[in-house]
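Undergrad:
Numbering (the numbering used here), first residue to last: 68 to 348.
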């Protein structure tokens, strides 16, 4: 994204581990990476960002941390897998692990809009899209499968540390389950990972009444009254939505309107086969 938007916007990427950062020599001049936690962002970042985008925090934040995390960002699904034995088995394993660790694998997609609203965001939207998994979808499908399996591989140590949750009993069983998933998606056209992108906007100071949380819309100059409406209004000419995708799942939504835009992408079902080829996102 930094490469295609010239050098004027400045980008800051953060993670709690610097091991995942790309080499500095490969980065455009307008982007840098810092070791930071989304739960403890620097105070000097307050009101400094036009766009805040996050992804895959579903695997890092516990249930009680979601609302505080969204409040920090304000400053700046349990889908059933049908017909796939290994996928259903892994989803059961992942949910049991998530419940034990306090992660919201089952219901974050349902509750995140409410969290955003409670944190003060407005114009909350969501978009669910699919990315193909498996050799049947050629290069895109292989890349998507490898990315997903890489994520699942990262869960191996904490899952085995938790005893396998009566689903797997050893490292060999865990690795075997991932191999079965790989084979299933390769030979089943329509195998798809579903992701949901949420985006919302921090209201500008002059449009948001802090007492009753109504939107304030100015009347013409010849009227001293102001109209109060429950739906925050953005002028039509400022409702341009720009979409940038970094395959296979990162989606950035930029809303050209006053205030900060918050964007977040998460998987709504880890692996979900569908009938026929998935529609492009």
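We put the CB at the ideal spot given by N, CA and C, even for glycine.
If I'm right that residue 211 touches residue 202 with Cβ under 8 Å, what's the distance once you round it to whole angstroms?
TA: Between residue 202 and residue 211 the Cβ distance is about 11 Å, and since that is not below 8 Å, they are no contact.
Undergrad: So, using beta-carbon positions, are residue 227 and residue 248 closer together than 9 Å?
TA: Taking 9 Å as the Cβ cut-off, residue 227 and residue 248 do not qualify as a contacting pair.
Undergrad: Buried or exposed for residue 189, going by 16 or more other Cβ atoms inside 10 Å?
TA: Classification for residue 189: buried.
Undergrad: Given a threshold of 16 other Cβ atoms within 10 Å of its Cβ, counted over all protein chains shown, does residue 96 qualify as buried or as exposed?
TA: So residue 96 counts as exposed.
Undergrad: Assuming contact is defined by CB atoms lying nearer than 9 Å, are residue 81 and residue 100 in contact in what I supplied?
TA: The answer is yes: Cβ separation under 9 Å.
Undergrad: Looking at residue 199: is its Cβ nearer than 9 Å to the Cβ of residue 264?
TA: Cβ atoms of residue 199 and residue 264: not closer than 9 Å.
Undergrad: Which residue comes first and which comes last in the alpha helix (DSSP H) that contains residue 254?
TA: Run containing residue 254: 238-254, per the alpha helix (DSSP H) assignment.
Undergrad: Hey, could you find the ends of the beta strand (DSSP E) residue 81 is sitting in?
TA: Here the beta strand (DSSP E) through residue 81 covers 78-82.
Undergrad: When DSSP labels each residue in this structure, what does residue 209 get in the three-state scheme?
TA: Residue state, collapsed to three classes: helix.
Undergrad: Could you check whether residue 237 and residue 229 sit closer than 9 Å to each other, using their CB atoms as the reference points?
TA: For residue 229 and residue 237, no; Cβs fall outside 9 Å.
Undergrad: Considering only the beta carbon of each residue, do residue 191 and residue 267 sit closer than 9 Å?
TA: In this structure, residue 267 lies closer than 9 Å to residue 191 by Cβ.
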